[in-house]
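Residue numbers (the UniProt record's numbering), protein chains in the order written: chain U, 1 to 359; chain B, 1 to 359.
Where is the CB? At the ideal position from N, CA and C, for every residue including glycine.
Here it is as structure tokens:
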């Protein structure tokens with residue numbers, strides 16, 4: 001396998017067929033690539049914009065291999081693709097990003113340890129394997145603190161807050177008594193994120209910091225570029241992105257969620273080794289958006305220019321929000337993105353709207 | 001069939017699977033639609049970004065009907081789709097734009113007569129059916145003049161210039177002795193085009209005029225917004241778009257190629273009843289680009305905001321130009337669009353590049 005840039009007409013495979021895969025697929029097509037999608041769920045959003053789609057379980061080794069053998073490079077849109085699955089792809093194609101980016105981010109304990117080793121601060125944390133180690137962790141970290149399963153949590157699932165010592169047993173039950181991590185509460189003023197990309201040759205480019213507004217554990221809005229960010233803080237965010245992207249030997253886009261401690265300090269909350277909801281603003285407001293940038297990196301191309309031409313408020317359309325499509329279609333300020341999901345369900349990300357304004 | 005706006009998840013069918021169909025398909029997907037493509041050529045560019053593609057001849061009535069029956073609305077990306085083909089679609093689905101837009105633009109004589117009847121100036125023209133009527137037309141219009149087949153010409157094909165009376169027989173042979181039109185030469189300073197959209201309810205919105213640079217009969221560049229256009233000329237372009245769009249009862253995007261006579265006068269060269277190469281700049285430089293706008297109109301949605309946020313130079317990648325993809329990928333100013341065509345051929349449109357600058 002060569003590491004030369006993939007020529008147009010090459011096939012890029014995406015493991016995972018949700019909205020991120022869908023937006024990656026259309027961005028890849030704009031650069032002249034054929035995009036294939038592998039997803040266990042039938043009729044997934046990305047399959048309907050892909051040159052070819054494969055519907056089989058993650059653990060169907062033959063299907064994964066048949067998919068990957070047709071691809072000049074393989075990427076993933078979803079951090080919970082099994083490491084064994086990407087391992088098959090890595091043997092027969094270029095896997096970008098590599099398995100390391102998954103291994104180090106699928107487990108919150110491994111992830112936070114990696115971040116600290118990369119020289120970047122996190123909130124205090126401790127491993128929890130049973131009620132005894134939970135009590136020891138509370139004694140070490142203090143309360144309030146949040147107990148999270150080490151694996152497979154997202155959008156607030158698999159988490160329980162502990163505000164007083166008496167909550168410990170209930171929290172341990174609430175997360176299903178699974179291997180966990182206890183995290184101290186950060187005294188943060190707001191949540192920021194830096195979305196960045198790293199190329200095959202190690203170049204890192206970041207978009208300006210965005211400010212994220214959550215509700216019910218789900219991202220509601222990103223305001224970008226975040227206001228009140230001085231040059232030193234933006235520079236520190238880029239340093240963090242370089243340290244983490246380099247430490248992962250990542251190729252492609254990744255996102256780092258940050259707590260802004262107010263006095264200029266930033267601590268990392270978590271890493272997403274993929275394009276990210278907090279980067280959706282970039283697709284309409286920047287020279288090169290996150291989906292194109294990721295496909296450039298996966299293809300071994302030089303990174304595009306992430307500079308914004310506009311400021312943006314990105315608003316997620318969650319569950320029944322998507323039923324407002326007619327009003328949104330009539331709003332000349334709303335750049336509407338709908339994901340083609342067949343059914344509206346509470347808490348499901350159905351689309352998003354970008355509203356631009358002059359920088 | 002209702003004329004209510006199509007809800008997300010509806011199926012929009014595109015007759016024609018070239019680069020215009022490809023860019024329409026991805027724009028439709030971004031709005032949450034499933035896009036089906038019908039194209040006689042196998043492995044066409046649009047098929048690789050479509051939810052479903054149908055490969056059959058234009059005159060396969062059963063295939064056209066089976067395609068259209070699955071669609072909540074049908075459009076076309078190519079003005080030479082047979083009127084009989086779109087007629088089948090119109091019987092079982094919403095056809096947008098309608099057959100009238102094709103009927104009035106597939107034949108240059110019918111088209112120019114329609115334009116004049118809509119109150120808009122063209123160059124002088126006359127019908128040519130044989131060498132005798134060609135000589136009469138030369139006597140009426142004067143020389144130089146250009147002889148064009150009435151049907152199926154594009155990118156300079158099916159055309160021959162007549163500079164002196166002795167060229168007439170050779171020109172008649174050059175165009176294959178087919179029914180033709182002789183057009184007088186316009187004393188124009190430049191070629192402009194207005195790209196506009198008309199909604200189901202008759203609203204017309206236009207992008208600013210672009211200036212078009214041709215070479216070898218093929219569009220090379222569009223500079224937009226065109227420089228040196230005063231408010232009166234831009235207003236006249238919008239009037240022309242309204243007269244033509246309304247006269248066609250068009251639904252969707254259309255383009256009007258114009259000769260700028262220099263003193264503020266505009267005469268129409270020709271109409272394209274579809275998204276158009278001279279509108280490619282809008283996809284990166286405007287609030288709503290031509291591909292999204294067309295899909296909005298086809299869906300019966302309100303039109304988006306065509307206002308540009310940037311100026312743009314659009315450069316076509318023709319034939320071997322596309323071999324420069326690596327240099328273009330490395331140019332941070334170049335927004336690269338490649339069409340996924342399998343083979344480079346001389347004169348073939350392989351992609352385009354948009355370069356933005358502040359307005």
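Distance between residue 341 (chain U) and residue 105 (chain B), taken at the CA atoms: about 38 angstroms. Against chain U, the beta carbon of residue 222 (chain B) has no neighbour under 9 angstroms; the closest one sits roughly 18 angstroms away. If you ignore the 5 residues before and after residue 190 (chain U), its C-beta comes within less than 7 angstroms of the C-beta of 211, 260, all in its own chain and listed in chain order. The Cβ of residue 70 (chain U) sits no closer than 8 angstroms to any Cβ of chain B. For residue 101 (chain U), the enclosing alpha helix (DSSP H) stretches over residues 99-103. Within the same chain, 204 come within 7 angstroms of residue 242 (chain U) by CB-CB distance, once the 5 residues on both sides are set aside.
Just measuring C-alpha positions, the residue of U:108, U:123, U:147, U:124 sitting nearest residue 134 (chain U) is U:147. In summary, no residue of the stretch 207-234 of chain B has a CB separated from any CB of chain U by less than 8 angstroms. Contact between residue 145 (chain U) and residue 183 (chain U) is confirmed by a C-beta separation of about 6 angstroms, below the 8 angstroms threshold. If only complete runs of 4 or more residues are kept, the stretch 46-103 of chain U shows the alpha helix (DSSP H) at 61-69, 83-92, 99-103, in order along the chain. The distance from the Cβ of residue 96 (chain U) to that of residue 75 (chain U) is about 6 angstroms, consistent with a contact at the 8 angstroms cut-off. When the alpha-carbon of residue 80 (chain U) is set against those of U:64, U:58, U:89, the nearest one is in U:58.
Residue 89 (chain U) and residue 64 (chain U) have their C-alpha atoms roughly 7 angstroms apart.
For residue 109 (chain B), same chain residues with a beta-carbon under 6 angstroms away, outside a window of 5 residues either side, are 127, 150, 181 in chain order. Within the stretch 264-327 of chain B, the complete beta strand (DSSP E) segments of 3 residues or longer fall at 266-272, 310-318, listed in chain order. Distances from the alpha-carbon of residue 324 (chain U) to those of U:287, U:233, U:350 put U:350 closest.
Under the three-state reduction of DSSP output, residue 178 (chain B) falls in the coil class, being neither helix nor strand.
By the neighbour-count criterion, in which a residue is buried when 16 or more other Cβ atoms sit within 10 angstroms of its Cβ, residue 13 (chain U) is buried. Identification of chain U residues near residue 289 (chain B) by a Cβ-Cβ cut-off of 9 angstroms yields none; the smallest Cβ-Cβ distance measures about 11 angstroms.
Residue 120 (chain B) is not a Cβ neighbour of residue 72 (chain B), given a cutoff of 8 angstroms. One thing to note: residue 99 (chain U) has its Cβ no nearer than 8 angstroms to the Cβ of residue 247 (chain U). Only 301, 302, 304, 305, 309, 310, 325, 326, 329, 330 from the stretch 297-330 of chain U bring a Cβ to less than 7 angstroms from some Cβ of chain B. Assignment of beta-bridge partners to residue 223 (chain U) by DSSP yields U:211, U:313. Taking a Cβ-Cβ cut-off of 8 angstroms, the neighbours of residue 339 (chain B) in chain U comprise 32, given in sequence order. In this chain, residue 26 (chain U) is not harboured by any beta strand (DSSP E); it is covered by the alpha helix (DSSP H) spanning 19-30.
Runs of the beta strand (DSSP E) spanning 3 or more residues and lying entirely within the stretch 125-196 of chain U occur at 125-128, 145-149, 159-162, 180-184, in chain order. Sixteen is the threshold: since fewer than 16 other Cβ atoms of the shown chains lie within 10 Å of the Cβ of residue 130 (chain U), the residue is exposed.
Contact check for residue 207 (chain U) against residue 306 (chain U) passes: the beta carbons are separated by less than 8 angstroms. Membership of residue 110 (chain B) in the alpha helix (DSSP H) is indicated by the continuous run 108-117. When DSSP states are grouped into helix, strand and coil, residue 198 (chain U) belongs to the strand group. Taking a contact as a CB-CB distance under 8 angstroms, the pair residue 304 (chain B) and residue 287 (chain B) counts as one, their CB atoms being some 6 angstroms apart.
Looking only at B:313, B:352, B:178, B:179, the smallest Cα-Cα distance to residue 358 (chain B) is reached by B:313. Residue 136 (chain U) and residue 142 (chain U) have their C-alpha atoms spaced approximately 10 angstroms apart. Under the three-state reduction of DSSP, residue 246 (chain U) is assigned to helix.
By the criterion of a C-beta distance shorter than 8 angstroms, residue 40 (chain U) is surrounded in its chain by 55, 56, 57, 58, once the five residues flanking it on both sides are discounted.
Taking residue 290 (chain U) as the centre and dropping the five residues before and after it, the same chain places the C-beta of 195, 197, 207, 253, 275, 276, 279, 280, 282, 283 closer than 8 angstroms to its C-beta, in chain order.
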